[in-house]
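Everything on this sheet refers to the single structure shown next.
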Amino acid sequence: IGRLYQLQILEYETYGPLSRENSLRQEQVHPSRGLIYDNKGKLLTDNEPIYTITITPSKFDKTKTGLLARLVGEDSVKLADLIKQAQKYSWQRPSRIFPEVTFEVFSKIEEHIWELPGIAHQIESRRFYPTTIKASHILGYLRELTESQYKKYNENYRLGDKAGVTGLETIYENDLRGTLGTSFTRINAYGQALGSYEDGTLDIPPISGSNIYTTIDTELQKLAEELMANKVGGIVAMDPRTGAIRAMVSSPYFDLNRLAGKLDNDYWAKVNADTSKPLFNRAVSAMQPPGSTFKPLMALIGLKLGLITSKTKIFCNGSYVKGREYKCTASHGEQTIEFAIQNSCNTFFFSLMNKIGVSGEFNKWSSMVKSLGLGQFNGVDLPNEARGIIPDSAYFNRVFGKNKWGIGDIINLGIGQGAIGVTPLQSATMISAIANGGYLVKPHLVDAVSDGFGQKVVKEYPKTKIDWINADDLELVQRGMRRVVTDGSARWYANIKDVLIAGKTGTAQNPHGFDHAWFASFAPIDNPELVIVVLVENGGFGASSALPIASLMMEKYFTGKVQRNWLFQKMLEFEAKAAVVKR
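With the sequence shown counted from 1, adding 355 to any position gets you our numbering.
The following block contains the structure:
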């Protein structure tokens with residue numbers, strides 16, 4: 356009696372926790388990861404339950420290694436290595452040892468749980484995608500943390516946890532993750548669960564991750580993906596008033612479902628070995644010369660610097676000679692700004708770039724170009740955004756050597772060629788500034804994030820007035836871009852009834868193969884609400900491969916459906932031919 360009194364009363368603080376440890380199982384409860392929605396509330400990313408087997412090394416009887424290996428169908432040597440990894444992580448805390456086991460394996464382990472001290476299970480979740488779109492580069496995927504990555508994260512993570520590594524999953528990881536909970540379960544001497552401890556009063560419930568609400572228009576995204584099948588390139592469709600991205604495609608893409616659960620090693624090896632680089636997000640990372648889509652910005656800069664006016668005329672006889680001959684696409688005759696944009700007259704813009712160089716305004720030109728979002732990071736909420744290349748004198752000094760470059764090295768910049776590289780996202784940002792009255796917007800994919808009470812918290816994205824752009828110059832350039840559609844290279848495919856589109860085709864020279872095709876556009880011209888930029892790498896002429904894609908997307912967005920099925924079919928046929936050529 357005295358000994359019982361000593362153990363249970365006098366030394367309760369010492370032995371009470373030990374007795375609870377022998378009769379209780381403490382488990383961490385994973386929160387439900389936040390969901391991802393499109394701009395109309397349609398679910399893009401959801402969760403489904405899975406079973407995971409855990410081990411607490413300090414409680415595990417290593418003589419049972421063979422039994423556990425047989426139950427899960429694993430090699431004993433490999434299992435011993437997994438146990439060592441768990442020990443290295445923590446002796447006292449449970450670690451995942453077999454993630455995402457089948458219900459059959461889970462049932463076998465539960466039948467033998469009395470023989471396996473230290474072995475338990477968790478019900479977790481994995482991503483699945485109840486949507487018709489791919490959006491692999493937008494949404495991203497989760498991957499189990501490596502040991503080095505785990506050390507960088509906070510205490511809310513454990514070895515074996517998953518975190519976003521690409522797309523929105525990684526940028527909004529802290530929002531989507533949620534907070535771990537804790538549950539206490541009564542167990543008998545055989546480790547079998549007897550129910551919750553003290554009716555769950557000591558349990559700490561997990562806090563679900565926040566939901567995020569994207570700007571993506573699912574129907575527009577789906578069409579864009581269909582149109583980019585068998586092509587290599589990127590598309591960005593954006594609201595020029597706010598920077599909200601309505602569709603973004605990088606082609607080729609990868610299958611999110613194959614990366615949602617346990618790593619499919621064969622598929623992962625195949626994706627990484629693919630020379631077309633499906634993991635590479637071309638919409639935000641691929642840098643290519645913009646070609647003639649750069650000419651509207653050149654016109655704005657020339658007007659601001661006073662090197663040209665609305666009445667300036669430059670005669671084009673098919674080339675521009677400055678030390679050597681620079682070819683134009685045709686003999687255009689006298690060209691004003693509007694007609695030079697309409698006809699994509701290289702001679703006009705070679706001449707303008709020469710004036711910029713001779714006047715000593717090259718560095719100012721570079722600064723003005725960057726102010727429209729080129730050659731800089733624009734802060735889109737996706738990883739691996741490329742800065743792009745917009746040269747200045749310092750750049751050429753590094754590349755060619757100080758005082759070893761001249762006018763001949765910068766003339767090609769006037770037509771978007773040479774030492775210049777932009778991404779589809781940067782091009783969309785530039786065209787947005789031309790469309791919206793001269794404001795630099797921040798491109799973004801997320802409009803709102805839910806708070807702890809499930810209420811949407813709308814994110815704010817301020818826009819900045821580009822002080823050197825004035826309304827008269829913009830109107831002149833916009834008229835030129837409208838003429839491209841009515842009378843220029845875009846007239847065959849870009850005209851849509853009751854939708855006034857302005858745009859610019861571009862064919863960027865590629866010394867390594869077929870030229871790259873661009874089309875940059877906005878609509879309607881009087882009150883723009885959508886910018887679409889399309890890049891088809893090795894696509895040839897912008898007017899034949901990039902333009903039809905943007906035009907069909909404009910038609911879908913503004914009319915609700917694709918009415919020109921003949922053009923849609925033409926693009927499918929083009930894709931088939933392109934695929935054959937590439938093979």
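We put the beta carbon where it would ideally sit given N, CA and C, even for glycine.
Since Asn402 sits in a beta bridge, which residues does DSSP pair it with? BP columns for Asn402 point to Arg482.
Among the candidates Leu398, Gly730, Val813 and Leu379, whose CA atom is the shortest distance from the CA of Leu557? When only C-alpha atoms are compared, the closest one is Leu379.
With 16 as the cutoff for other CB atoms within 10 Å, does Gln361 come out buried or exposed? By the beta-carbon neighbour count (other beta carbons within 10 angstroms, threshold 16), Gln361 is exposed.
How would you label Ser565, buried or exposed, when you count the other beta carbons within 10 angstroms and need 16 or more for buried? That one is buried.
Going by DSSP, what residue range makes up the beta strand (DSSP E) through Gly858? Segment Ala857 to Ala863, the beta strand (DSSP E) holding Gly858.
Using a Cβ-Cβ cutoff of less than 7 Å, which residues in the same chain neighbour Gly776 once the five nearest sequence positions on both sides are dropped? Around Gly776: Met642, Gln643, Pro644, Gly743 and Ile744.
Which of helix, strand or coil DSSP assigns to Leu885: Leu885 sits in a strand when the DSSP states are folded into three classes.
Assigned secondary structure, Lys937 (DSSP; H/G/I helix, E/B strand, else coil): Reliability of the predicted coordinates at Lys937 is poor, the pLDDT of 47 falling under 50, and the value obtained from them is presented with this limitation in mind. Helix at Lys937.
Whose C-beta lies closer than 6 Å to the C-beta of Gly843 among residues of the same chain, with five residues either side of it excluded? Around Gly843: Gln697.
Would a C-beta distance cut-off of 7 Å place Ile789 and Arg837 closer than the cut-off? At the C-beta level, Ile789 and Arg837 stay beyond 7 Å of one another.
Nearest CA to the CA of Lys417: which residue from Glu528, Gly396 and Lys439? The residue with the shortest Cα to Cα distance from Lys417 is Lys439.
Residues bridged to Met603 [DSSP beta-bridge criterion]: Under DSSP, the beta-bridge partners assigned to Met603 are Val591.
Which residues does DSSP list as the beta-bridge partners of Val754? DSSP lists no partner for Val754.
Tell me where the beta strand (DSSP E) around Trp873 begins and ends. Taken as a continuous stretch (DSSP letters only), the beta strand (DSSP E) holding Trp873 covers His871 to Ala878.
The segment 511-525 / the segment 444-454 touching (three or more Cβ pairs under 8 Å): A contact between stretches requires three or more CB pairs, one per stretch, nearer than 8 Å, and the segment 511-525 meets this requirement with the segment 444-454.
Candidates Phe694, Ala579, Ala875 and Thr537, of which the one nearest Thr487 by Cα: Measuring C-alpha to C-alpha distances from Thr487 to each of Phe694, Ala579, Ala875 and Thr537 identifies Ala579 as the nearest.
Suppose the cutoff is 6 Å on Cβ atoms and the five residues either side in sequence are ignored; what does the same chain contact list for Ile669 look like? Closer than 6 Å at Cβ, skipping near neighbours: Gln690, Phe703 and Ser706.
Please report the straight-line C-alpha distance between Lys586 and Ser899, rounded to a whole angstrom. Between Lys586 and Ser899, the alpha-carbon positions lie close to 13 Å from each other.
Please name the residue in Pro560, Asp572, Thr648 and Glu693 whose C-alpha comes closest to that of His871. If you compare the alpha carbons of Pro560, Asp572, Thr648 and Glu693 with that of His871, the shortest gap goes to Thr648.
Take Lys811 and list the residues in its own chain whose beta-carbon comes closer than 8 Å to its own, dropping the five residues that flank it on each side. Correct list, in chain order: Tyr568, Ala803, Val804 and Ser805.
Rounded distance between the beta-carbons of Gly357 and Pro412, thought under 8 Å: No, Pro412 and Gly357 are not in contact; Cβ-Cβ is about 38 Å, not under 8 Å.
Report, in whole angstroms, the separation of the C-beta atoms of Gly897 and Thr860, which I expect to be a contact under 8 Å. Yes, they are in contact, since the Cβ atoms of Gly897 and Thr860 sit about 4 Å apart, within 8 Å.
Where Tyr848 falls, given that 16 or more other Cβ within 10 Å makes a residue buried: Tyr848 should be labelled buried.
Can the beta-carbon of Leu831 be found closer than 7 Å to that of Ser726? Cβ distance not < 7 Å, so Leu831 and Ser726 don't count as in contact.
Check this for me: beta carbons of Glu479 and Thr407, under 7 Å apart or not? A contact, by the Cβ cut-off of 7 Å.
Does the segment 727-734 come close enough to the segment 778-792 to have 3 or more Cβ pairs within less than 8 Å? Yes, they touch.
CB of Gly598 within 7 Å of CB of His799, strictly: It is a contact, given that the beta carbons lie within the stated cut-off.
Where the beta strand (DSSP E) through Tyr675 begins and ends: Ser674 to Lys677 is the extent of the beta strand (DSSP E) around Tyr675.
Classify Asn672: buried if its beta carbon has 16 or more other beta carbons within 10 angstroms, exposed otherwise. Looking at its Cβ environment, which holds fewer than 16 other Cβ atoms inside 10 Å, Asn672 is exposed.
Leaving out the 5 sequence neighbours to the left and right, which residues in its chain are closer than 6 Å to Arg938 when beta-carbon positions are compared? At Arg938, the pLDDT of 37 sits below 50, so the modelled position is not reliable; the number obtained from the coordinates is stated separately. Beyond the five residues adjoining it in sequence on each side, Arg938 comes within less than 6 Å, by CB distance, of no other residue in the same chain.
Kindly indicate which three-state DSSP category Lys517 falls into: helix, strand or coil? Of the three classes helix, strand and coil, the one that applies to Lys517 here is strand, per DSSP.
In chain order, which continuous runs of the alpha helix (DSSP H) of length 4 or greater are located wholly inside the segment 415-491? Entirely contained in the segment 415-491, the alpha helix (DSSP H) runs reaching 4 residues are, in chain order, 420-427, 431-444 and 458-466.
Report the CB separation of Tyr490 from Ile571 in whole angstroms; it is logged as a contact under 8 Å. Note on identity: in this sequence residue 490 is Ala, with Tyr being the wrong assignment. About 7 Å separates the two Cβ atoms, so the contact holds.
Cα-Cα separation, Cys683 to Ala878: Approximately 29 Å, taken between the alpha carbons.
Cβ-based neighbour list, Gly678, same chain, cut-off 7 Å, excluding 5 preceding and 5 following: These residues qualify, in order along the chain: Gly763.
Completely contained alpha helix (DSSP H) runs for the segment 802-860, where each covers 4 or more residues: For the segment 802-860, whole alpha helix (DSSP H) runs of length 4 or above, ordered along the chain, are 826-841.
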